[in-house]
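Peer 1: Numbering (the numbering used here), first residue to last: 6 to 336.
Quick reminder that beta carbons are idealized off the backbone N, C-alpha and C, glycines included.
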Ligand SMILES: *Cc1c(COP(=O)(O)O)cnc(C)c1O
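(1) Hey, quick one: how far does the alpha helix (DSSP H) through residue 67 stretch, first residue to last?
(2) Assuming residue 64 and residue 177 form a contact by the criterion Cβ under 8 Å, report the distance between their Cβ atoms to the nearest whole angstrom.
(3) Which whole-angstrom value describes the C-beta separation of residue 243 and residue 268, a residue pair presumed to lie in contact below a C-beta threshold of 8 Å?
(4) Short of 7 Å in beta carbon distance, which residues of its chain neighbour residue 327, apart from the five on each side in sequence? Order them along the chain.
(5) Residue 45 bridges to which residues according to DSSP?
(6) Report the start-end ranges of each beta strand (DSSP E) in the region 205 to 293 that is 3 residues or longer and not cut off at the edges.
(7) So, residue 128 versus residue 165, is the Cβ gap smaller than 8 Å?
(8) Should residue 302 be counted as a contact of ligand 1 given a C-beta to heavy atom distance under 7 Å?
(9) Suppose the cutoff is 6 Å on Cβ atoms and the five residues either side in sequence are ignored; what does the same chain contact list for residue 260 look like?
(10) State buried or exposed for residue 190, treating a residue as buried only when at least 16 other CB atoms are found within 10 Å of its CB.
(11) Say the cut is 7 Å; is the CB of residue 204 nearer than that to a heavy atom of ligand 1?
(12) Helix, strand or coil, according to DSSP, for residue 21 in the structure here?
(13) Are the Cβ atoms of residue 214 and residue 204 separated by less than 8 Å?
(14) Any contact of the region 216 to 230 with the region 147 to 158, i.e. 3+ C-beta pairs under 8 Å?
(15) Can you tell me which residues form a DSSP beta bridge with residue 104?
(16) Can you check whether the C-beta of residue 14 is within less than 8 Å of a C-beta belonging to chain D?
(17) Inspect the CB distances between the region 10 to 27 and the region 295 to 303 and report whether three or more fall short of 8 Å.
(18) Using a threshold of 7 Å, is the CB atom of residue 83 nearer than that to any non-hydrogen atom of ligand 1?
(19) Closest to residue 169 by CA distance: which of 89, 21, 185 is it?
(20) In chain order, what residues of the same chain lie with their CB nearer than 7 Å to the CB of residue 100, ignoring the 5 residues before and after it?
(21) Please determine whether the Cβ atom of residue 207 lies at a distance below 7 Å from any heavy atom of ligand 1.
(22) Using a Cβ-Cβ cutoff of less than 7 Å, which residues in the same chain neighbour residue 94 once the five nearest sequence positions on both sides are dropped?
(23) Under the assumption that residue 284 contacts residue 308 (Cβ atoms under 8 Å), give the Cβ distance between them as a whole number of angstroms.
(24) With a cut-off of 8 Å on the beta carbons, I'd call residue 116 and residue 85 a contact; round off their distance for me.
(25) With distances taken Cα to Cα, identify the nearest neighbour of residue 303 among 66, 143, 123, 330.
(26) Quick one, which of 182, 91, 248 has its alpha-carbon nearest residue 172's?
(27) Would you please state the rounded distance, in angstroms, between the beta carbons of residue 111 and residue 282? I believe it to be under 8 Å.
(28) Take residue 147 and list the residues in its own chain whose beta-carbon comes closer than 8 Å to its own, dropping the five residues that flank it on each side.
(29) Reducing DSSP to helix, strand and coil, say where residue 336 ends up.
(30) Do residue 305 and ligand 1 come close, with the Cβ less than 7 Å from some heavy atom?
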């Protein structure tokens, strides 16, 4: 039984377990900050070849694809997309084929390794130099991967926005927030004043925002925006949280929460020049983390921890850092 299912026993919310919950929380020492920092390790979430925050989303997206009667997912991302890889690997285990529209991004070792994993994932890859070119090609991709039959209209792939940040995907972090509340309740960590997460497409932050409110916590979300491919700020994140609340209502859950841009903080101050660009704060956070045996990557988590380190005591504590990344050695 999921925590969402416990909370709303009469709601129609199909779920498939892909990881082991709850993910562990611990105090994060060795950052040389005055602030009290805790970490929740979402990196260990997932039993397959890839873990992290995208797996939480797929727990709700995969059964939704089955409910829609489709066997193909179509989604988009950069050529280093963690989301696309997770969709391909976990979808395949559950009878779904994934088609990816990929857009070029700055290439470093991390991205090269991701591309290699994507190639090996069984997904069909279509690669473009810009978001504009991908948009022009999208109708062709949808038609090309539709299943055609003489008797019924073509069945198009189930389209998912970048990062899996649809209302269905965001349920993963509503669920995770209820889990955080239970960990606070059990005395495993103090109630965080601030939870810090990287924001790449908004579903994680939106799910947290709604879930923390549902759980009755006062924790404020600080979203460290790392993506400039589309509009991503407190307005778009709170809107996604409200669309997720509306989905819950549609499925029979009694949710009357209404959120607005003042209910979270979102800042692109730590993004650097663009999505995937390196930054001095991010690099410093990567180095520091390596010294305390914490494995970050440069695109998301290093920038989020960079924000924690540069804000330091200006952040309301206790601070909970969400470790969203989950590579597996043999992916
Ligand atoms: C995708 C991703 C994020 C951002 O999550 P969104 O829900 O897309 O905002 C953060 N960290 C890592 C490691 C990710 O792969």
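Peer 2: According to the structure shown:
(1) Looking at the DSSP string, the run of the alpha helix (DSSP H) that includes residue 67 is 58 to 72.
(2) At roughly 6 Å, the Cβ-Cβ gap stays under 8 Å, so residue 64 and residue 177 are in contact.
(3) That pair is a contact at about 6 Å.
(4) Answer for residue 327: 45, 47, 200, 201, 202, listed in chain order.
(5) According to DSSP, residue 45 bridges with 30, 327.
(6) As far as the region 205 to 293 is concerned, its whole beta strand (DSSP E) runs of at least 3 residues are 225 to 230, 269 to 272.
(7) Contact: no.
(8) Yes - ligand 1 has a heavy atom lying nearer than 7 Å to the Cβ of residue 302.
(9) These residues qualify, in order along the chain: 250, 253, 254.
(10) Exposed: under 16 other Cβ atoms inside 10 Å.
(11) Yes, Cβ of residue 204 sits closer than 7 Å to a heavy atom of ligand 1.
(12) Three-state DSSP puts residue 21 in coil, outside helix and strand.
(13) No, the pair does not count as a contact, with Cβ atoms beyond the cut-off.
(14) No: the two stretches stay apart, fewer than three of their Cβ pairs being nearer than 8 Å.
(15) Partner residues in the beta bridge of residue 104, as assigned by DSSP, are 79, 129.
(16) In summary, chain D is missing from the structure at hand, where a single protein chain is found.
(17) Fewer than three beta-carbon pairs drawn from the region 10 to 27 and the region 295 to 303 are found closer than 8 Å, and the two stretches are therefore not classed as touching.
(18) No, since every heavy atom of ligand 1 falls outside the 7 Å radius drawn around the Cβ of residue 83.
(19) Sorting 89, 21, 185 by C-alpha distance to the C-alpha of residue 169 places 89 at the top.
(20) Here the set comprises 76.
(21) Yes, ligand 1 has a heavy atom inside 7 Å of this Cβ.
(22) Excluding sequence neighbours, residue 94 sits near 53, 54, 55, 126.
(23) The beta-carbon separation of residue 284 and residue 308, rounded to 6 Å, stays under the 8 Å limit for a contact.
(24) Cβ atoms of residue 116 and residue 85 come within 8 Å of each other, at about 4 Å.
(25) Looking only at 66, 143, 123, 330, the smallest Cα-Cα distance to residue 303 is reached by 330.
(26) The option with the nearest alpha carbon to residue 172 is 248.
(27) Approximately 6 Å separates the beta-carbon atoms of residue 111 and residue 282; this is inside 8 Å, confirming the contact.
(28) So the list reads 79, 161, 162, 164, once near-sequence residues are dropped.
(29) Here residue 336 scores only 43 on pLDDT, less than 50, and its place in the model should not be relied on; the value that follows carries that caveat. Residue 336 sits in coil when the DSSP states are folded into three classes, being neither helix nor strand.
(30) Because some heavy atom of ligand 1 lies under 7 Å away, the Cβ of residue 305 counts as near it: yes.
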